[in-house]
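For the sequence shown, the positions run 1 to 396 when full-length UniProt numbering is used. One structure is given below, encoded as structure tokens.
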Amino acid sequence: MPGARGTNGRLTTIGYYISDYGYGHATRSIALIRTLLLYSPRRYRLIICSGKTLSFIQASLAEYSAEYSPERIEFRSCSSDLGYVLGGGTGSVEPDQERFKLGYEQYMAGFSAEVRREADFMMSERLDMVISDISPIPIAAASLAGVKSVGISNFTWHTAYAAFVEREQLAPLRQAYEQLDYFIPLAGSGTEERKWAAGGGPEAGFYCRTPQAAEVQRIVRELNPDGGKTIVYFALGMGIETEALDSLSLWNDQSYVFIVSENMRVNGPNIFRIPQGYTESQNYAAAADLIISKPGWGVVGEAVSLGKPLIVLARTSMTEDRNTILALQGKHPHMLVTWQALRELSLQQSLSQLTMEGWSRGASIAMNERCKYQIVQWIEQIADETNADRTYRTSV
């Protein structure tokens, strides 16, 4: 029951682990944590664990931390996931397999020690539940510590790495994910991901952090004061080299205003860089008329949830990306382009093609809140089952 406490009045303590490869895992986890605190503000003690993105997560939840006190929301640095290792060539968005294999060997060398460390932490903090998006280490650690684990993701690193390393080298990841007690699949989860746990719910849709209406209006006024231009949110991430970006012809069309992340070193009179330290990038996505992105789940989720047509830069070697793109088919207006096609892309022609019969922008926006609440309800149900199990074990 939302708002209730754990057994015997004790708060339910959750260790929420967030993969820190890029910001997609962080932003979608922040969206769920905010919803969880909105609907159950007095039930949980959250310990949020991540690596490189921890400061971003902490800044994003600062007002919640102040409201619910440091004892209720804590932040803890832990080892990061390997993620992908992208190629270093101009315009490359594909993984570099040789560099990845070297990184994977180093990651696996410390895997068992990290699992042991996290298990010790879970027992010392008396965790009731672990949620992971979607690091394997806390899942294996939860099993070792006797703590229920929940995976929330559209993929696992086991599946993501299957094309790059040998089957026997994946065994530690497979064994970790097989220890999941529950798995909540997000939009674009392939059938191979459904096998990890018997517990969980049906596939959730895309979702994102809720935009702030007044801030979105401010951004639109700043970037397009006379309403005569088209705003494009250009979100290719950190793996693209500057010289490759400079080669894109679309920057030359002054009828468009482009929003890029603060780390993208491309300049022009119609290019606006998101200010450094600005955490709520969904406001800029909401202000745009069109989104151009890699098929990462976070930005695709923003495009779908905010009702924005989408141009997707195709990456052929990633199972995760292929499944995300499949989840768009027949549900959201989008088009796929190669890097070479993007270099010569006509935005005017592309926008005219980005239509879909029966699609409703308003329906997408309403679904965003419903989807997050649905996932939070599943978390509530799992917490109830965990508390009931704990009560039974302590009474016998």
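For every residue, glycine included, the Cβ atom is placed at its ideal position computed from N, Cα and C. Quick caveat, the model's predicted, so the values are computed rather than measured.
Worksheet item: Which partner residues does G199 have in the DSSP bridge list?
Response: If you number the sequence shown from 1, residue 199 lands on position 199. Beta-bridge pairing links G199 to Y182.
Worksheet item: Span of the beta strand (DSSP E) holding S153?
Response: Sequence index remark: in the sequence shown, residue 153 carries index 153 (1-based). Looking at the DSSP string, the run of the beta strand (DSSP E) that includes S153 is K148 to S153.
Discussion item. Let me confirm a value: T90 is counted as buried when at least 16 other C-beta atoms fall within 10 Å, else exposed. Which label applies?
Written reply: Here residue 90 refers to the residue found at position 90 when the sequence shown is read from its first residue. In this prediction, T90 has a pLDDT of 48, which is less than 50 and means its spatial position is unreliable; nothing more can be read from the coordinates.
Worksheet item: In terms of residue numbering, what span does the alpha helix (DSSP H) encompassing V216 cover?
Response: For this step, residue 216 is matched to residue 216 along the sequence shown. Its alpha helix (DSSP H) spans residues A213 to L223.
Worksheet item: Got a sec, what are the start and stop residues for the alpha helix (DSSP H) residue 400 sits in?
Response: Residue 400 lies beyond the stretch modelled for the chain, which goes from 1 to 396, so this question has no answer here.
Item to complete: Thinking I14 and L61 are a contact (beta carbons under 8 Å), I'd like their distance in whole angstroms, please.
Response: The residue labelled residue 14 in the question sits at position 14 within the sequence shown. The residue labelled residue 61 in the question sits at position 61 within the sequence shown. So it is not a contact: roughly 14 Å between Cβ atoms.
Fill in: DSSP state of S19 mapped onto helix, strand, coil
Walking along the sequence shown from the start, residue 19 turns up at place 19. In this structure, S19 counts as coil in the three-state DSSP scheme.
Worksheet entry | A187 (DSSP reduced to helix, strand or coil) | On the sequence shown, residue 187 is found 187 positions in, with the first residue counted as 1. In the structure shown, A187 sits in coil (DSSP, three-state: anything other than H, G, I, E or B).
Fill in: Pairwise C-alpha distance: T12 and A386
Taking the first residue of the sequence shown as 1, we reach residue 386 at position 386. Taking the first residue of the sequence shown as 1, we reach residue 12 at position 12. A small correction: the amino acid at residue 386 is Thr; Ala does not occupy that position in the sequence shown. When the Cα atoms are used, T386 and T12 turn out to be separated by approximately 9 Å.
Worksheet item: Which same chain residues, not among the five before or five after E369, have their C-beta less than 6 Å away from its C-beta?
Response: As a position in the sequence shown, residue 369 is number 369, starting the count at 1. Result list for E369: empty, nothing under 6 Å.
Worksheet item: If we count Cβ pairs, one from each stretch, closer than 8 Å, do we get three or more for the segment 185 to 198 versus the segment 353 to 367?
Response: Contact fails: fewer than three Cβ-Cβ distances are below 8 Å.
Worksheet item: Can the beta-carbon of I365 be found closer than 8 Å to that of L32?
Response: Against the sequence shown, residue 365 aligns to sequence position 365. Against the sequence shown, residue 32 aligns to sequence position 32. Between I365 and L32, the C-beta gap is not smaller than 8 Å, which leaves the two residues out of contact.
Worksheet item: S360 to D289, Cα distance in whole Å?
Response: Along the sequence shown, read from residue 1 onward, the residue named residue 360 stands at position 360. Along the sequence shown, read from residue 1 onward, the residue named residue 289 stands at position 289. Answer to the nearest angstrom: the Cα atoms are 14 Å apart.
Worksheet item: How is the alpha helix (DSSP H) around V300 delimited, first residue to last?
Response: Mapped onto the sequence shown, residue 300 falls at position 300. Per DSSP, the unbroken alpha helix (DSSP H) holding V300 starts and ends at W297 to S305.
Worksheet item: Expressed to the nearest angstrom, what Euclidean distance is found between the alpha-carbon atoms of R117 and S305?
Response: As a first step, residue 117 is located in the sequence shown; it is residue number 117 there, counting from the start. As a first step, residue 305 is located in the sequence shown; it is residue number 305 there, counting from the start. Each residue's Cα considered, the two are about 38 Å apart.
Worksheet entry | Given I18 as reference, the closest of S346, L310, T53 and K229 once Cα atoms are compared | For this step, residue 18 is matched to residue 18 along the sequence shown. With distances taken between Cα atoms, I18 lies closest to T53.
Worksheet item: Between which two residues does the beta strand (DSSP E) harbouring Y278 extend?
Response: Taking the sequence shown and counting its residues from 1, one reaches residue 278 at position 278. Segment: none, Y278 is in no beta strand (DSSP E) and carries neither H nor E.
Worksheet item: Grouping DSSP H, G and I as helix and E and B as strand, with all else coil, what is F100?
Response: Residue numbering aside, residue 100 sits at position 100 when the sequence shown is read from its first letter. F100: helix per DSSP, three-state reduction.
Practice prompt. State the Cα-Cα distance for the pair Y256 and R218, rounded to the nearest angstrom.
Written response: One-based indexing of the sequence shown puts residue 256 at position 256. One-based indexing of the sequence shown puts residue 218 at position 218. Cα to Cα, the separation comes out at about 18 Å.
Item to complete: Can you grab the Cα-Cα spacing for the pair I271 / R10, in whole Å?
Response: Numbered from its first residue, the sequence shown carries residue 271 at position 271. Numbered from its first residue, the sequence shown carries residue 10 at position 10. The alpha-carbon atoms of I271 and R10 are separated by roughly 51 Å.
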